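Peer 1: There's a structure below that I have some questions on.
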Amino acid sequence: MTYGCHTKNIPGSHVIIKCAGKEVPDNTVFEGAMLAAFFSKSKLSSQVPVDYTKRKNVKKPSGSKPGMVIYETNSTIYVTPEEETVAKLKVKSE
Numbered sequence: 305m306t307y308g309c310h311t312k313n314i315p316g317s318h319v320i321i322k323c324a325g326k327e328v329p330d331n332t333v334f335e336g337a338m339l340a341a342f343f344s345k346s347k348l349s350s351q352v353p354v355d356y357t358k359r360k361n362v363k364k365p366s367g368s369k370p371g372m373v374i375y376e377t378n379s380t381i382y383v384t385p386e387e388e389t390v391a392k393l394k395v396k397s398e
């Protein structure tokens, strides 16, 4: 199952969560939302709304700008971006 996260009506990064055909755990959705909020224009805000939905609900309108998508059947989670939490989620190169 693949999910997408993006801050609600706020410019920022898209976060893709892939979970090999399984349901995505709640803590993984929270971490994805934390990343989306941190890498958005609301990085310094609190209680940032982040929408998440299954990948199949995300569509790119033809002719739209890069990064522009529309989606439906989403849920919203509110997170306060924390640099410490995001640092723990970063991939470490070996």
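Per my numbering, residue 305 is the first one in the sequence shown, and the count goes up by one each step.
In this text, a Cβ means the ideal position worked out from N, Cα and C, and glycines have one as well.
All values reported here derive from a predicted model rather than from experimental measurement.
Go ahead and label Val383 buried or exposed: buried means 16 or more other beta carbons lie within 10 angstroms of its beta carbon, across all protein chains shown.
Peer 2: Walking along the sequence shown from the start, residue 383 turns up at place 79. The residue in question, Val383, is buried, as its Cβ has 16 or more Cβ neighbours within 10 Å.
Peer 1: Relative to the C-alpha of Ile314, which residue among Val333, Ile321, Phe342, Lys360 is closest?
Peer 2: The sequence position of residue 314 within the sequence shown is 10, counting from 1. The shortest Cα separation from Ile314 among Val333, Ile321, Phe342, Lys360 belongs to Phe342.
Peer 1: Under 8 Å by Cβ, that's how I've got Lys358 and Met305 pegged, so tell me the actual separation to the nearest angstrom.
Peer 2: The residue labelled residue 358 in the question sits at position 54 within the sequence shown. The residue labelled residue 305 in the question sits at position 1 within the sequence shown. Their Cβ separation, rounded to whole angstroms, is 7 Å, which keeps Lys358 and Met305 in contact under 8 Å.
Peer 1: Can the beta-carbon of Val354 be found closer than 8 Å to that of Thr311?
Peer 2: If you number the sequence shown from 1, residue 354 lands on position 50. If you number the sequence shown from 1, residue 311 lands on position 7. Yes, these two residues count as a Cβ contact at 8 Å.
Peer 1: Can you pull the DSSP bridge partners for Ser344?
Peer 2: Here residue 344 is taken as the residue at index 40 of the sequence shown, counted from 1. The partner list for Ser344 (beta bridge, DSSP) reads Gly316.
Peer 1: For Ile320, count the other beta carbons within 10 Å of its own beta carbon; 16 or more makes it buried, fewer makes it exposed. Which is it?
Peer 2: Position 16 of the sequence shown, counting from 1, holds the residue named residue 320. Ile320 comes out exposed.
Peer 1: Helix, strand or coil, according to DSSP, for Gly308 in the structure here?
Peer 2: Counting from 1 along the sequence shown, the entry for residue 308 is found at position 4. Looking at Gly308 - three-state DSSP - the assignment turns out to be strand.
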